[in-house]
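Counting in numbering that gives the first Met the number 0, the sequence shown runs without a single skipped number right up to 545 at its last residue.
Everything below concerns the one structure shown next.
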Amino acid sequence: MRKEKPQKISISQRSDNGQERFKNLYGHIQPEEQIRLLASVVEQSTDGMAIADMQGKIIFVNKTWVSMHGYDNAEELVGQNLSIFHNKKQLKEEVEPFNLEVKRKGSHSGEVEHVRKDGTIFSTQMTSSLLRNENDIPIAMTGVATDITKRKQVEESLRESEVRYRTLYNLLPYGGEVINTKGEIINCSPSTARMLGYEVSELIGQHITKLVDPAFLSLFRLKFPQLISGKPITVEIRMLRKDGTKLDILRAAQPILDKNGKVEAILALNVDISKRKKAESELKNKNKELQASIKRIRSINIELEKAREKAEESDRLKSAFLANMSHEIRTPMNGILGFANLLKDPKLTGEEHEMHIRIIEQSGHRMLNIINDLIDISKIESGQMEVSLTESKVNEQIEYIYSFFKHEAENKRLKISFNNDLPAEKSIINTDREKMYAILTNLVKNAIKYTHEGAIKFGYKKKGDFLEFYVSDSGIGIARDKQQLIFDRFVRADLSLSSQYEGAGLGLSITKAYVEMLGGKIWVKSEEHKGSKFYFTIPYAPPVCD
């Protein structure tokens, strides 16, 4: 019997590039070898392959197709119709429309559900093509099926995850958005849109910096590169609503990485902390007010304590003053009364008589000075002391004071000198001459009283619009803690009754009051046992010539 050659099924001359490449690569091989080669490739393929005639009768299936559908071998399937792999619903809804597309276009791809031998259903990615003879007449159909069950499961899982994620994302009570690495919003939760007064569609595509308060842009530009580098951040920032109002936002941002670990987007959650910030600000202000109140209370307490101490000191000073005043008054009064009584003795010599009268006279002057000081301080306290401005020749007053106290100073073996800074014609000013005289008299008298050796110097210098007077001595000096107190009423450097210095402690307080009435000020520089230097100023007001 003559052996027939295998029937050659030619491919249409309109063959695709794959067929042309096959011819180019394997055209030199004998047809039998080509068939063997193709059969080997088909059998080893991980995709299921099948060939059926135009009526759907199975001509060939590879091993993968067999095992994919739960069969033991190809013999179970060859001769069967392709419909055994589908139920009625699949045939009507999927297979028939699919085959129509294959016949219409020559090939078609798509997802088609298959039924295994045990009745279970699985999904495949099918690609089918028509085989044609030399006359371009379709004679068979090929099918390549890939089991995509696992892929579908993964896709379904991803879809379910995405639904859950999106549901959670949309239900978040906090604002959230996803931005790309350029800073553009690619997704946005409804809560973010509501928070900022926008619709979601209005925010998609916007650059995030358009929603940031300009005052916080520098902070944003500092932090954004950290996110791009893969570092999560949490920061307080201020954002702008659509209507221009501002919101304080606690913003937590987390980089989203692709499968290669590269940042592909950023998820940011926004919590509106405006109310909290306002409450914090109000609390801070309340704390400031409370601290200020505490400070004021402390200040008041300090002032009250000072007032209490001052009151106690005032009581002490008044008590000391009254005791001293009693002593000051009794001493000259006893002198007057005592020596007046002695004058009654008819046996007194003329010299003794004259001495007693002189003591009575001195005691009377001392008493008069005390009374004058009390009257002056009373007038000052009651505001009845008046200032009488007249032309006063300062140089003449200085010279008069020098002449008046020269004898007293020399009796104590003290040197006394003065200095006038201006010539006589320029030393005439408008001031209260009597008060000027009282000021200089008190200061020079005190200098002589508290100095036992050395010198007394006084005078003045013109400084700007003032004449600055000075009275210096080399006396006992004044302790630093008493240099301000000596100008107060009833205060002396030593208020004890055993003090060798007479006086009621009113002289410097009267002097200070007079200086201030004339528009000046008074101060002292002193060191104990090294002397004192008193300064006071009087406005330099020359008389106006008509």
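The C-beta atom is built at its ideal place from N, Cα and C for all residues, glycine as well.
Which word fits residue i, buried or exposed, when buried means at least 16 other C-beta atoms lie within 10 angstroms of its C-beta?
i: leucine 507; result: buried
i: glutamate 176; result: buried
i: aspartate 464; result: exposed
i: serine 495; result: Because the pLDDT at serine 495 is just 39, under 50, the model does not fix this residue reliably, and the point stays unresolved.
i: aspartate 314; result: exposed
i: isoleucine 400; result: buried
i: alanine 291; result: exposed
i: glutamate 254; result: Contrary to the premise, residue 254 reads as proline rather than glutamate in this sequence. Proline 254 is buried by the Cβ-count criterion.
i: leucine 195; result: buried
i: alanine 306; result: exposed
i: lysine 511; result: buried
i: isoleucine 428; result: buried
i: asparagine 445; result: buried
i: glycine 382; result: exposed
i: histidine 406; result: exposed
i: tyrosine 539; result: buried
i: serine 525; result: buried
i: valine 543; result: exposed
i: histidine 206; result: exposed
For the candidate residues the options, whose alpha-carbon lies nearest to that of residue i?
i: proline 224; options: Asp247, Leu246 and Ala264; result: Ala264
i: leucine 81; options: Gln54, Leu341, Lys414 and Gly260; result: Gln54
i: threonine 233; options: Val470, His85, Lys62 and Asn269; result: Asn269
i: aspartate 472; options: Glu308, Lys91 and Leu442; result: Leu442
i: lysine 56; options: Ile83, Gly69 and Thr45; result: Ile83
i: aspartate 247; options: Ala51, Ile521, Leu210 and Glu288; result: Leu210
i: asparagine 132; options: Asp52, Tyr197 and Tyr399; result: Asp52
i: valine 41; options: Thr141, Asn340 and Val111; result: Thr141
i: leucine 226; options: Ala408, Arg250 and Pro213; result: Arg250
i: leucine 129; options: Leu99, Phe121, Lys462 and Glu154; result: Leu99
i: methionine 354; options: Leu367, Asn371, Phe219 and Ile335; result: Ile335
i: isoleucine 477; options: Ser391, Ala73, Glu527 and Pro189; result: Glu527
i: serine 273; options: Glu288, Arg237 and Ile374; result: Arg237
i: isoleucine 359; options: Gly337, Lys434, Ile120 and Asp431; result: Gly337
i: lysine 309; options: Gly382, Phe417, Phe404 and Asp487; result: Asp487
i: lysine 532; options: Asp375, Thr450, Ile203 and Gln152; result: Thr450
i: isoleucine 50; options: Ser44, Gln43 and Asn61; result: Asn61
i: arginine 412; options: Gly474, Arg357 and Thr148; result: Gly474
i: glutamine 482; options: Thr244, Thr389, Gly530 and Phe468; result: Gly530
i: tyrosine 117; options: Val65, Gly519, Arg479 and Val77; result: Per the sequence presented here, residue 117 reads as aspartate, with tyrosine not at that position. Looking at the Cα atoms, Val65 is the closest of the given residues.
i: methionine 67; options: Lys88, Ser44, Lys230 and Ser127; result: Ser44
i: aspartate 592; options: Gly105, Ser402, Thr208 and Thr119; result: Beyond the ends of the chain as shown, which are 0 and 545, falls residue 592; an answer cannot be given.
i: glutamine 361; options: Ile379, Ala339, Asp344 and Glu380; result: Ala339
i: glycine 229; options: Asn259, Leu239 and Ser200; result: Asn259
Residue i CB to nearest chain B CB: under 8 Å?
i: lysine 258; result: Included in the structure is just one protein chain, with no chain B present.
Would you identify the three-state DSSP class for residue i, choosing helix, strand or coil?
i: methionine 125; result: strand
i: glutamine 253; result: strand
i: valine 543; result: coil
i: threonine 430; result: strand
i: valine 199; result: helix
i: asparagine 419; result: coil
i: alanine 337; result: Per the sequence presented here, residue 337 reads as glycine, with alanine not at that position. Looking at glycine 337 - three-state DSSP - the assignment turns out to be helix.
i: lysine 245; result: strand
i: valine 267; result: What sits at residue 267 in the sequence shown is alanine, not valine. Of the three classes helix, strand and coil, the one that applies to alanine 267 here is strand, per DSSP.
i: serine 531; result: strand
i: aspartate 71; result: coil
i: isoleucine 272; result: coil
i: tyrosine 449; result: coil
i: leucine 517; result: coil
i: aspartate 212; result: coil
i: alanine 310; result: helix
i: glutamate 501; result: Because glutamate 501 carries a pLDDT of 48, less than 50, the predicted location of this residue cannot be relied on, and no value is offered for it.
i: leucine 76; result: coil
i: proline 231; result: coil
i: threonine 536; result: strand
i: arginine 295; result: helix
i: arginine 237; result: strand
i: lysine 456; result: strand
i: glycine 175; result: strand
i: serine 508; result: helix
i: serine 473; result: coil
Per DSSP, residue i forms a beta bridge with which residues?
i: glutamine 361; result: Answer is none; glutamine 361 lacks a bridge partner.
i: serine 391; result: Ile428
i: isoleucine 50; result: Phe59 and Thr141
i: aspartate 146; result: Thr123
i: glycine 382; result: BP columns for glycine 382 are empty, so no partner.
i: threonine 180; result: DSSP lists no partner for threonine 180.
i: leucine 466; result: Lys461 and Ile537
Practice task
Only counting runs of 4 or more residues, tell me where the alpha helix (DSSP H) segments fall wholly within the stretch 93-137, in order along the chain.
Solution key: Correct list: 95-104.
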